[in-house]
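Heads up: the sequence shown is residues 566 to 812, going by the working numbering. Glycine included, C-beta positions come from ideal geometry on N, C-alpha and C. A short write-up of the structure that comes next.
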Amino acid sequence: MKLVHHLDSDGENYSTMMRTVKVAMMDAMTTSVGIVELKEAYAIPEPKTFSNNFLPRIGETSDANINALRSRQMKNFHLALMVSQGTPMMLMGDEYGHTRYGNNNSYGHDTAINNFQWGQLEARKNDHFRFFSKMIKFRLSHNVLRKESFIEKNDITWLEDNWHNEESRFLAFILHDGNGGDIYLAFNAHHFSIKTAIPSPPRNRSWYRVVDTNLKSPDDFVTEGVSGISETYDVAPYSAILLEAKQ
């Protein structure tokens with residue numbers, strides 16, 4: 566079993582997830598499980614909202630900037646989960662941002678803490694639920710994300726992998742599918758934008774932006790992709806992008 570990420574602050578340890586992405590890429594494909602926020606039974610929004618099961622980090626808030634960051638982080642983690650090798654695992658309600666209000670031992674609570682919140686799903690169907698659903702479909706339609714064997718050296722190109730630099734909060738790599746349909750991914754956990762160089766796509770292909778978690782729905786995920794990707798791309802703070810090489 567592999568823990569993809571356990572966040573303990575609003576953004577600071579987003580980089581922890583990025584470091585474990587490499588492990589998730591190289592681990593045994595059919596015997597590993599990729600999970601987000603299962604540690605101590607927290608739901609996916611909790612560590613971005615609460616310090617622990619007693620005290621709020623910031624707690625529930627109406628601050629638009631804080632909520633936008635939390636929303637972006639949830640999409641970042643789901644993107645990382647869906648592009649990691651192995652079997653992805655989600656908690657009930659992650660697809661709409663279900664919260665147990667910091668309770669990591671909710672056994673026996675027949676309340677909104679444990680019950681599926683259909684109203685929240687309806688309210689977020691055009692944002693979180695849409696993004697989560699499309700990422701799942703993207704994974705299912707791309708075999709390079711569901712390999713049944715170890716990733717070999719020629720299957721992946723690490724572009725920004727400063728593992729020994731404790732100040733590094735940026736990671737980028739390309740997954741090669743063998744047929745030219747490469748996938749470029751970049752994760753930025755810095756509090757500032759990173760202008761990253763985009764390598765040339767495979768022959769007779771162009772890069773299309775499928776995901777940019779910094780953008781609002783529906784622009785955060787465009788199934789057919791957005792063309793016109795230049796040689797560089799500004800990856801916003803605490804965000805991630807996915808580009809696909811297409812004809």
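> Which partner residues of residue 773 appear in the DSSP bridge assignment?
Replying inline: Locating residue 773 in the sequence shown gives position 208, counting from the first residue. Partner(s): 809.
>> Can you tell me where the alpha helix (DSSP H) holding residue 701 begins and where it ends?
In response: Taking the sequence shown and counting its residues from 1, the one referred to as residue 701 is at position 136. Looking at the DSSP string, the run of the alpha helix (DSSP H) that includes residue 701 is 693-705.
> From 639, 768, 741, 794, pick the residue whose C-alpha is nearest to that of residue 711; which is it?
Replying inline: Along the sequence shown, one-based indexing puts residue 711 at 146. When only C-alpha atoms are compared, the closest one is 741.
> When DSSP labels each residue in this structure, what does residue 676 get in the three-state scheme?
Replying inline: Against the sequence shown, residue 676 aligns to sequence position 111. In the structure shown, residue 676 sits in coil (DSSP, three-state: anything other than H, G, I, E or B).
>> For residue 789, report the span of its beta strand (DSSP E) as first-last.
In response: Taking the first residue of the sequence shown as position 1, residue 789 is located at position 224. It spans 786-791 - the beta strand (DSSP E) in which residue 789 sits, taken as one unbroken run.
>> Helix, strand or coil, according to DSSP, for residue 718 in the structure here?
In response: What you label residue 718 is simply residue 153 of the sequence shown in a count that begins at 1. It is helical.
> Exposed or buried, what is residue 699 when buried is set at 16 or more other beta-carbons lying within 10 Å of its beta-carbon?
Replying inline: Locating residue 699 in the sequence shown gives position 134, where the first residue counts as 1. With 16 or more Cβ atoms within 10 Å of its Cβ, residue 699 is classed as buried.
> Near residue 772, what residues of its chain come up, given a Cβ to Cβ distance below 7 Å and the 5 sequence neighbours on each side ignored?
Replying inline: Taking the first residue of the sequence shown as position 1, residue 772 is located at position 207. Hits under 7 Å: 749, 763, 766, 794, 808, 810.
>> Helix, strand or coil for residue 760? Go by DSSP, reduced to three states.
In response: The residue you call residue 760 lines up with position 195 of the sequence shown. Here residue 760 sits in strand by DSSP.
> Rounded to a whole number of angstroms, what is the C-alpha to C-alpha distance between residue 636 and residue 776?
Replying inline: One-based indexing of the sequence shown puts residue 636 at position 71. One-based indexing of the sequence shown puts residue 776 at position 211. Approximately 14 Å between the Cα atoms of the pair.
> Taking the DSSP output, what are the residues bridged to residue 798?
Replying inline: One-based indexing of the sequence shown puts residue 798 at position 233. According to DSSP, residue 798 bridges with 761.
> So does the region 649-659 actually touch the region 744-759, counting three or more Cβ pairs closer than 8 Å?
Replying inline: no
> The beta strand (DSSP E) spanning residue 750 covers which residue range?
Replying inline: Counting from 1 along the sequence shown, the entry for residue 750 is found at position 185. Per DSSP, residue 750 belongs to the beta strand (DSSP E) from 748-753.
> Within 10 angstroms of its Cβ, does residue 569 collect 16 or more other Cβ (buried), or is it exposed?
Replying inline: As a first step, residue 569 must be located in the sequence shown, where it is residue number 4. Reliability of the predicted coordinates at residue 569 is poor, the pLDDT of 42 falling under 50, and the value obtained from them is presented with this limitation in mind. Burial call: buried.
> Thinking C-beta only, is residue 705 closer than 8 Å to residue 847?
Replying inline: Past the boundaries of the shown model lies residue 847; the chain is included only from 566 to 812, so the question cannot be answered.
> Could you check where the beta strand (DSSP E) with residue 736 kicks off and where it finishes?
Replying inline: Your numbering for residue 736 matches position 171 in the sequence shown. Note, residue 736: beta strand (DSSP E), 735-740.
> Quick one: what's got a C-beta closer than 7 Å to residue 701's C-beta in the same chain, skipping five residues either side?
Replying inline: Position 136 of the sequence shown, counting from 1, holds the residue named residue 701. 647, listed in sequence order.
>> Using only CA atoms, which one of 649, 806, 754 lies nearest to residue 778?
In response: Here the question's residue 778 lines up with position 213 in the sequence shown. The option with the nearest alpha carbon to residue 778 is 806.
> Can you list, in chain order, the residues of its chain whose CB lies under 6 Å from that of residue 724, leaving out five sequence neighbours each side?
Replying inline: Here the question's residue 724 lines up with position 159 in the sequence shown. The answer, listed in chain order, is 737, 738.
>> Tell me the rounded alpha-carbon separation between residue 604 and residue 680.
In response: As a working note, residue 604 is residue 39 in the sequence shown. As a working note, residue 680 is residue 115 in the sequence shown. Unreliable placement is indicated for residue 604, whose pLDDT of 42 sits below 50; the coordinate value is still reported in the next sentence. Whole-angstrom Cα-Cα distance: 20 Å.
> For the alpha helix (DSSP H) that contains residue 687, what are its first and last residues?
Replying inline: Mapped onto the sequence shown, residue 687 falls at position 122. Note, residue 687: alpha helix (DSSP H), 683-688.
>> Suppose the cutoff is 6 Å on Cβ atoms and the five residues either side in sequence are ignored; what does the same chain contact list for residue 692 look like?
In response: Position 127 of the sequence shown, counted from the first residue, corresponds to residue 692. Hits under 6 Å: 782.
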